[in-house]
Structures are given as C-alpha cells and as structure tokens.
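K.L.:
The structure that follows is given in the form of structure tokens.
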Amino acid sequence: MRITSIDIVGYGKWSDAHFNHISDFQVIFGENEAGKSTIMAIIHSILFGFPTRQQSIPRMEPKNGGPYGGRLTLEDTPMGKVIVERLKGKATGDVRIYYGDGQVAGEEKLTEIIGEIDRNTFEAIFSFDIHGLQNIHQWKKKEFERYLLATGTTGSDALLKTAEILQKKLEALFKPSGRNPAINQQLKKVKDSQLAFQEAKKQNAKYELLLVGKEEERARQTELQEEKTAIRVELDTLNTLLDLWPIYQEWKALSEKAVPLTEATFPPDGIIRLEHLQLREKEWQNQLIQLEERQKNLINKNNFEHTAFFAENEAEITYLIETYGAYNERELQQKSLEKEIKYYQTDAKQTPMKWTKELDQKVLRIKELEQINKQQQHDIQLELKLTQESEEKLQQKIDKIETNMWDNKRFQQEKEKINSKEKTPGTKSIVAVGIFLVALVVLVIFQSIWSVAVVFLVALISVYLLVLTKTPAPSSNQQILAFLEQQKIRQEWQQLLSEMDIIASQIAQLEERQSRINKSQYDYQSELNHLFDTLAINELPDENWEAIVQTYKEHSEKNQLAAELTLKLEPLAEKQHSYQLRLEKLAVPIEPTSIEEKISFLRQGLLYYRNNLTENAKLAEKMEQVTMQLNLVKQDLLLVKKEKSDLLEQAKVNNEDEFRVAAMRVKQEQQWRERLILLEAQLEPDKRLALSQFSAQEVIKEKELQLEEKLRKIELEQENIHASLAAKNHEIATLEEGGTFAALMQDFYSEKSKLQQMTREWTETKLALQILQETMRSLQEGKLPKTLALATDYFNHLTNGNYTKVYLQENRIQVESKQVVSFFPEELSQATKEQLYLAIRFALIDVIHKDFPLPIIIDDGFVHFDSARMVQMMQLLQKRKSTNQVIFFTCHQETRKYFSSEDIRVL
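Take the sequence shown: its letter number 168 is residue 187 in my numbering, and every next letter is one higher.
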C-alpha cells in the first residue's frame with residue numbers, strides 16, 4: 020500500500036494543505052515547528068481515528084474552530100486506488116471511503132484496506148521517532164509474541180483481551196501463596212472441618228478400618244472397570260479387523276504388485292494410433308512404387324541419359340566452360356607466386372614484428388649512445404688514473420714524514436718544557452736581590468757583628484745565584500733546535516694533508532661523473548634490452564648486437580615481401596577454389612577424373628543436349644512432374660515413419676510387437692491401480708497399520724478368545740467386590756448414626772463439595788486459557804524465530820558485521836558480537852541500540868508484509884548516527900522502498916545529500 024497524496028482540511032497548524040505526488044521514498048524536510056510531526060499525526064488519525072478526549076494523545080483541533088480532518092489517497096491496496104476521508108463527527112470522526120469506480124463506503128470497510136491492525140501496533144512497528152527507538156531495552160518476549168499475534172489473524176485483539184480476562188479470573192480463584200482468593204480460603208475451611216471430622220473418627224477404630232477397606236475396594240473396582248472398558252474397546256477393534264481381513268489381504272497383494280510398477284509412459288490410445296499410422300504407411304508405399312515405375316519408363320524413353328542433368332544446369336555448365344581459359348591463366352600466376360614466396364621463405368626465419376622506420380631510428384639512436392658512452396668512459400678512466408697516481412705519491416711523502424715526526428703528546432710536552440725554561444732565570448735574580456735587601460734591613464735594625472756576618476754571607480749567596488742565572492746549559496739548546504725541526508716538519512706535513520684533501524675532492528668529483536656515466540650506460544643498456552624484448556630476441560645483447568639486429572631486419576624484410584606476395588596469392592587461390600567448388604557442386608555424372616576431363620565432358624554433353632533440346636523438352640517436363648510427385652510422396656512417407664518411431668519411443672519399445680505387449684501390460688496395471696484405490700478407500704491407514712501386526716486371521720481370533728476369557732474373570736471379581744462394598748456401607752452407616760459425628764461429617768463433606776465445585780470452575784478456566792494460548796501459539800508458530808533471524812541479518816548489516824546474532828535469553832533481548840560476547844540493549848551505545856531497534860522493526864515488517872504491506876513513516880529517527888551509520892541506514896531504506904513505501908521527516912540539512920531533489924519536499 021502506498022500513500023500518494025495527503026490533503027489536510029484542518030489539523031493542528033495546517034489548514035487547506037495539499038501534498039501530492041508522494042514517491043516511494045519521500046523525504047519531507049522542515050525546520051523545527053514547521054509541521055512535520057503534525058503531518059505524521061494526521062496520517063495516524065485518518066487511518067485509525069481521531070484521539071478521544073480520554074486518551075493522552077492530543078487531538079490537534081484547529082484553534083480557529085474551522086473544519087477538522089483530512090483525506091489520504093492510497094494506491095496498491097486490495098481495493099485498488101481509494102481515497103480515505105475522515106472529518107469531524109463522532110468521537111473518532113466520520114469516515115468515507117471513495118473507490119475508483121465511484122462507489123462510497125463507510126468505516127467498516129477500512130479494515131479490508133489496511134488489515135486487522137490497530138493504532139498501537141502500527142505505531143510500534145511501522146511508524147516511529149527517536150523516542151520510540153530509545154525504548155528497545157524494555158522489549159521482552161511477551162511484547163514480541165503480542166505484536167506477532169496481533170498481526171497474525173483477524174480478531175487477534177479479542178483473543179488477547181479474553182486471555183487477560185481468563186488469567187485475572189484464575190488469579191481471583193487461586194494463588195499458590197495467596198490468602199484472599201476463594202479457593203485458598205475454602206481450602207482453609209476444608210482443612211479445619213477435616214481435622215474436626217478426623218478427631219471424631221478416631222473414637223472408633225473399626226470405623227477407620229472399614230473406611231480403608233471401602234476405599235481400597237472402590238479403587239480396585241475403578242481399576243477393574245477401566246481394564247474392562249479397555250478390553251471391550253480392544254474386542255471391538257478385533258471384530259472390525261476380522262471383518263476387514265479379506266480386504267486387507269487383497270490390498271496387500273495388489274500393493275506388492277504395484278510397487279515395482281514404473282511411471283506409465285505408454286501413449287494414450289496407443290494401439291488405435293499405431294494401426295492408423297500403419298494404414299497410412301501402406302498407402303504411401305503403394306503410391307511410391309507407382310511413381311518410381313513411371314519415372315523409370317520416362318528415363319528409358321530418353322535416348323540421352325544425362326538430358327535432365329544438362330537441362331537443370333545449362334547456365335552453370337555454360338559459365339564453367341567459358342571461364343575455363345581464365346582458370347588456366349590464374350593457375351600459372353598462382354604457381355609463379357608460390358615459387359617467389361618459397362624463395363623468400365627458404366632462408367628467412369619468422370620474426371614476431373614487422374620492421375619499420377621507427378625501429379631504424381631507434382637502432383641509430385642506440386648506436387650514438389654507445390659511442391658517446393664509450394668516449395666518456397675512456398676520458399673519465401684516464402683522469403681518474405692520473406689523479407689516483409698523484410694521491411699515491413702524496414701519501415708516500417706523508418708516510419715518510421710521519422716516520423720522523425713526533426706524536427702529538429710528545430710534541431706538546433716538549434713545547435711546555437721550553438716555555439717553562441725561558442721564565443726560570445728571571446725568577447732566580449729576583450730571589451737573590453730580595454734576600455740581599457732583607458739582610459740589609461736586619462743589619463740596620465740590629466747593628467751587631469753577627470748582623471754584619473749574616474749580611475756578608477747573604478751577599479755571597481746572591482752573587483752566586485746571579486752568576487748561575489746568566490750561564491745557560493748546553494743541553495737546553497739542543498732540545499730547542501730539535502723542537503724547531505719538528506715544528507717545521509709538522510708544518511710541511513699539514514701542507515701535504517691539505518693537498519691530499521684537494522686531490523680527494525677531485526677524486527670524489529670524478530667518481531660522481533663516473534656514476535653519471537654509469538647511469539647513462541645503464542640507460543643505454545636498458546634501451547638496448549627493451550629493443551631486444553620488443554623484437555622478441557631471446558639472446559642477451561652483447562658487443563655483436565648490431566649484427567644480430569641487422570640479421571633480424573633482413574629476415575623481417577624477407578617475411579614482409581613473402582607476406583605481400585601471399586596477399587596477392589590469396590585472391591587468386593580464392594577464385595581458383597571458388598571455380599573448383601562450383602565444378603564439384605555441379606555433381607558431374609561421371610567417375611571422378613581431372614578438371615580437364617570434366618570440362619571436356621561438359622562441353623561435348625552440352626553440345627549434344629542443345630542439338631536434341633526440342634525432342635526431350637516434353638519428356639523433361641513429364642519427368643519433372645513425376646519427380647516432384649515422387650519427392651512429395653517420400654516426404655509424406657518419412658513423416659508417417661517419424662510419427663510411428665516417436666510413438667514407439669514414447670512407449671520405450673523397439674518394435675510393434677513389443678508395443679502391443681506394452682499396451683496389454685499398461686491396461687492390466689491400470690485395472691490394478693483402480694482396484695487398489697478402491698481398497699485404500701475402504702481401509703483407513705490406522706486400520707492397515709493394525710492389520711499389519713498380525714500374520715494370519717487365526718491369530719486375531721485367538722487373541723479375541725483370550726480377551727473374552729479375561730473379561731469374564733473381571734466381571735466375576737466385580738460382583739464379589741460389589742457384595743463386599745454393600746456389607747461395609749451397612750456397617751459404616753450403623754456407626755455414623757451418632758449426632759456429633761454425623762454433623763461434623765456433614766460439615767466436612769459440605770465444605771469439600773464447595774471446594775470441588777470451585778476447583779472444577781478453576782480447572783475449566785485453566786483449560787480454556789490453555790486452549791486459547793495454544794491457539795495463539797499456533798497462530799504465531801514460526802514467526803518469532805524467523806523475526807529474530809531477519810533481525811540478526813539486518814543488525815549485522817547495519818553494524819558492518821560487528822554483531823552476529825540477535826536472540827531472546829531470560830525473557831529479554833540480547834545481542835552477540837563477532838567476538839562472541841553477549842550484551843543487553845542498555846549496555847550498547849545509543850546509536851547501536853537504535854540500530855538494533857530498527858533491525859527488529861524491519862524484521863517484523865518482513866514477517867508480516869504479506870498481510871500488512873503498509874508504509875514506513877520515520878520522524879527524525881537517526882539523529883545519533885554518525886556519517887558511516889547514516890550511509891548504511893540510507894542504503895537499507897533505498898532497498899526497502901521496493902517492498903514498503905518510506906516517508907522520512909527530517910530537519911537536518913546533512914540528510915538531504917542522500918536524496919535527489921525530486922524526492923525532497925520542503926515545508
């Protein structure tokens with residue numbers, strides 16, 4: 020069912036609004052408070068009635084008091100195209116349904132259009148918004164079964180309500196742990212009266228024994244009665260089997276015969292059709308003999324036996340004779356060309372490619388690259404050799420200097436020693452003068468003889484130190500000279516190292532040039548290899564590559580000349596072959612000979628035929644008529660033989676005798692089948708199964724006698740028990756005549772009777788509920804597993820394979836991830852939870868689609884989806900539009916990119 024237009028007379032903010040040409044996947048875009056939810060609400064109201072004032076759903080009547088209601092145009096309904104109109108009237112509105120043929124109906128026909136579905140079920144499955152998507156964790160198995168049942172049959176709501184009423188009645192009658200239900204209270208009364216009754220009975224031991232014996236005998240009597248009833252039933256069954264035994268024996272014999280029978284392939288009315296074909300075949304054979312005799316007589320009258328041949332093929336024979344000279348000339352040309360081709364192909368090898376000017380240019384370019392690379396390689400090798408020789412000479416000098424040169428540590432030590440010796444004489448002079456001045460100060464202060472002696476002694480020491488300072492040691496001069504020599508050697512060594520660095524830089528530059536030349540050489544070699552690969556030359560290119568390529572070129576040119584000559588040869592060979600075919604097709608009536616002999620025969624025969632043309636014209640005309648009639652008779656005869664062969668093949672036989680035997684067998688098998696069907700109608704399957712348990716009729720009779728004997732013994736035992744019970748009842752009645760005991764007993768049995776009556780009522784209610792539940796289960800059998808399987812497929816697709824299973828566990832929905840981890844819906848993310856809810860909705864829609872092909876209406880249900888989930892969702896909705904119309908309300912701009920402009924309606 021599809022909604023193709025929505026006309027709003029007055030509903031909420033909308034008044035006199037029209038939305039036409041609604042597509043299979045219609046997007047209605049609008050900002051907040053643009054009226055999207057109002058459009059969705061009026062669709063619900065028109066299909067299911069305006070909300071009553073007692074319901075929590077707003078009625079959305081126009082604030083200005085104008086007209087209230089609208090209409091929907093529906094297509095692809097069981098009634099075809101209809102218009103459903105609902106206007107203000109009674110509480111839920113007045114409905115009019117306009118059919119395509121002009122008829123008008125009321126609300127009673129609405130269920131024939133949309134099916135037995137109520138508003139709650141429709142909104143739970145087909146119509147939803149973001150709030151509905153967030154309640155998936157509250158769904159249990161009971162909700163699934165309710166929705167599956169509510170969409171499973173007509174009047175399903177009544178079944179559900181009746182089940183609820185019966186369940187409440189059961190709970191009002193009895194609860195296992197309750198106190199207030201009627202049966203619970205009555206059980207307490209019976210228990211109290213029973214205790215009082217049993218207390219009175221204890222006063223009489225004989226009374227107890229009598230009651231026990233009475234109950235035992237009653238139980239035995241019941242047991243015997245049940246056994247007696249079973250034996251009577253079995254006896255009746257055995258009597259029936261005895262009556263059916265002859266029929267069973269006949270059915271068994273025919274069944275054994277019918278088992279090996281294959282499927283009948285004998286054609287209907289086979290014998291009649293065969294005799295008719297035989298008669299027609301005989302008639303055509305007689306006509307064939309007569310026509311062949313006439314043809315033979317006409318041939319004998321004609322003196323020239325090949326007249327018919329030349330008459331039929333005169334034009335072709337004339338053409339072959341006239342073009343024979345050209346045939347001979349072409350034959351000579353063909354042989355000449357074949358010799359030339361053989362000459363060129365004798366020494367030439369096959370080349371995969373044709374030689375072209377581009378290949379010549381490519382070979383020339385490779386030669387130039389080879390010469391340039393060789394010259395550059397020679398120059399760079401020479402420069403590199405000279406530079407390396409200079410480097411070796413410098414290295415020898417450096418090695419020679421390094422043998423006489425101090426190491427850095429020793430050089431630094433000697434340098435420090437020389438620097439310290441230059442400072443030491445000045446220091447000693449200062450010390451001497453200082454001592455002498457100190458002595459003079461002492462002399463001035465003390466002015467004694469000892470002071471004079473001390474000053475004199477100090478003066479001598481100072482003079483000695485001054486003299487010692489001015490006289491340098493000979494060994495210090497040699498060390499300075501050695502140090503200066505090492506300093507000079509080191510300066511020369513550093514100069515040589517600088518020259519070595521310059522030469523190393525030159526060698527690096529030369530090696531870089533060498534690398535570029537090697538790359539150029541590699542490019543040259545690659546181009547040469549590519550040339551060999553292009554020419555499909557299996558050899559590797561070497562120094563003689565030019566000779567190999569030149570040889571390839573010569574062979575290719577020879578092959579090209581041979582190919583050009585072959586092209587010239589082909590038209591000649593084709594014409595020669597065409598001439599030979601025409602000559603062979605002529606079927607010259609002589610023994611196979613050469614072409615020259617055939618042409619000679621044709622030339623002579625044509626001359627003779629033309630000389631006798633007038634005489635043979637009449638004979639030829641008659642011969643043509645007879646031949647035509649003969650061909651027609653042969654065709655008819657072939658058709659008759661073909662029909663007869665098909666008839667035998669259909670019967671799967673090889674000759675007519677086998678066909679007749681098969682016909683008799685099929686007739687007999689048909690009689691057996693008819694009799695077997697009649698017998699099976701008299702023998703029910705359970706009767707056949709029961710009879711198959713017995714090997715002979717005597718076995719049944721023997722069992723019947725055994726049961727009758729057992730029945731006689733049971734009746735005798737029953738009579739004895741009946742007499743014993745009468746005696747015990749008399750004794751019990753005598754003992755129960757006491758007033759208190761009798762009152763207690765009456766009260767106990769009265770309360771017990773009331774309990775039994777209540778129990779009977781509870782049992783009847785329970786049975787009714789079980790029957791009703793069984794009926795509901797049979798209606799929804801197979802739907803719940805199928806729904807969960809479909810929901811699994813949808814959820815797996817929407818989550819890109821992250822979840823592999825949706826199932827019910829502990830009366831709740833659970834899902835299983837690809838890591839085999841189970842989750843309840845509330846444990847999932849909000850977007851994943853909404854994907855689960857959508858998967859379950861789509862599964863329910865698929866299951867009930869046959870009975871309820873209703874449109875899907877969505878009001879911004881995907882606001883929590885990211886871009887990847889939104890793409891998957893839109894792809895799924897695009898697929899669903901082929902089975903269910905989809906109407907999508909949204910206020911989000913980013914969703915518009917998934918639809919074409921034709922599918923978007925902006926409010």
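Note that the Cβ used here is the ideal one computed from N, Cα and C, for glycine as well. The structure presented is a predicted model; accordingly, all values stated were derived computationally and were not measured.
1) Could you pull the start and end residues of the beta strand (DSSP E) that Phe44 belongs to?
2) To the nearest angstrom, how far is the alpha carbon of Ser212 from that of Leu863?
3) For Leu280, I'd like the list of residues in its chain whose CB is within less than 6 angstroms of its CB, leaving aside the five on either flank, ordered along the chain.
4) Report the residue from Val672, Ile832 and Arg629 whose alpha carbon sits nearest the alpha carbon of Ala931.
5) Would you grab the beta carbon distance between Val981 and Leu129 for me? Rounded to a whole angstrom, and I think it's under 8 angstroms.
6) Looking at the structure shown, is Gly289 part of a helix, part of a strand, or coil, going by DSSP?
7) Look up Ala715 in the DSSP assignment and say whether it is helix, strand or coil.
8) Quick one: is Val718 buried, meaning 16 or more other Cβ sit within 10 Å of its Cβ, or exposed?
9) DSSP three-state call for Thr828: helix, strand or coil?
10) Using DSSP with H/G/I as helix, E/B as strand and the rest coil, what is Glu312?
11) Per DSSP, what kind of secondary structure is Tyr362 in: helix, strand or coil?
12) What's the C-alpha gap between Ser841 and Gln854?
13) Could you check the C-alpha separation between Ala581 and Ile360 for me, to the nearest Å?
14) Between which two residues does the alpha helix (DSSP H) carrying Arg888 extend?
15) For Leu554 and Leu351, I'd like the C-alpha separation in whole angstroms.
16) Consult DSSP for Arg684 and reduce its assignment to one of helix, strand or coil.
17) Helix, strand or coil, according to DSSP, for Asp865 in the structure here?
18) Would you list the one or two residues that DSSP bridges to Trp33?
19) Whose CA, out of Leu626, Glu603, Arg629 and Tyr628, lies closest to the CA of Lys1000?
20) Of the residues Arg532, Tyr768, Asp137 and Gln894, which one's Cα is nearest the Cα of Phe216?
21) Tell me the rounded alpha-carbon separation between Met642 and Gln353.
22) So, is Asp35 buried or exposed, given that buried needs 16 or more other C-beta atoms within 10 angstroms?
23) Give the DSSP bridge partners of Glu643, in chain order.
24) Would you mind reading off the limits of the beta strand (DSSP E) that contains Arg72?
25) So, for Arg694: in the same chain, excluding its five sequence neighbours on each side, which residues have a beta-carbon less than 7 angstroms away from its beta-carbon?
26) Per DSSP, Gln701 is paired with what?
27) Please work out which residues of its chain come closer than 8 angstroms, Cβ to Cβ, to Leu529, disregarding the five sequence neighbours upstream and downstream, and give them in chain order.
28) Please confirm whether Ile923 and Val103 have their CB atoms less than 8 angstroms apart.
29) Taking the beta strand (DSSP E) that Glu104 belongs to, which residues open and close that run?
30) Under 8 angstroms, do Ile876 and Met59 count as touching if we go by C-beta distance?
31) Checking the sheet assignment: what are the DSSP bridge partners for Phe908?
32) Identify the continuous beta strand (DSSP E) that holds Ser146 and give its terminal residues.
33) Taking Arg899 as the reference, which of Val101, Asp43 and Gln314 has the closest Cα?
34) Check this for me: beta carbons of Gln205 and Lys722, under 8 angstroms apart or not?
35) How long is the line joining the alpha carbons of Phe67 and Leu817, rounded to whole angstroms?
36) Taking the Cβ atom as the reference point for each residue, do Ile536 and Gln390 lie within a distance shorter than 8 angstroms?
P.N.:
Walking through what the data contain:
1) Phe44 to Phe48
2) 56 angstroms
3) With a pLDDT of only 48 at Leu280, under 50, the local geometry of the prediction cannot be trusted, and the value read off the model is given with reservation. Once the five neighbours on either side are set aside, the close Cβ partners of Leu280 are Glu688.
4) Past the edges of the chain, shown from 20 to 926, lies residue 931, and the structure says nothing about it.
5) Because the chain in this structure spans residues 20 to 926, residue 981 falls outside the shown range and cannot be described.
6) helix
7) coil
8) exposed
9) A small correction: the amino acid at residue 828 is Gln; Thr does not occupy that position in the sequence shown. Three-state DSSP puts Gln828 in a strand.
10) helix
11) helix
12) 16 angstroms
13) 5 angstroms
14) Ser886 to Arg899
15) 37 angstroms
16) helix
17) helix
18) Tyr30
19) No answer is possible for residue 1000: the residues shown for the chain start at 20 and end at 926.
20) Tyr768
21) 44 angstroms
22) exposed
23) Partner(s): none; Glu643 has no beta bridge.
24) No beta strand (DSSP E) holds Arg72; DSSP gives it neither H nor E.
25) Leu273
26) In the DSSP output, where bridge partners are listed per residue, Gln701 has none listed.
27) Ile399, Glu402, Leu403 and Thr406
28) no
29) Gly99 to Leu106
30) yes
31) Ile47 and Asp878
32) Ser146 to Asp148
33) Asp43
34) no
35) 32 angstroms
36) no
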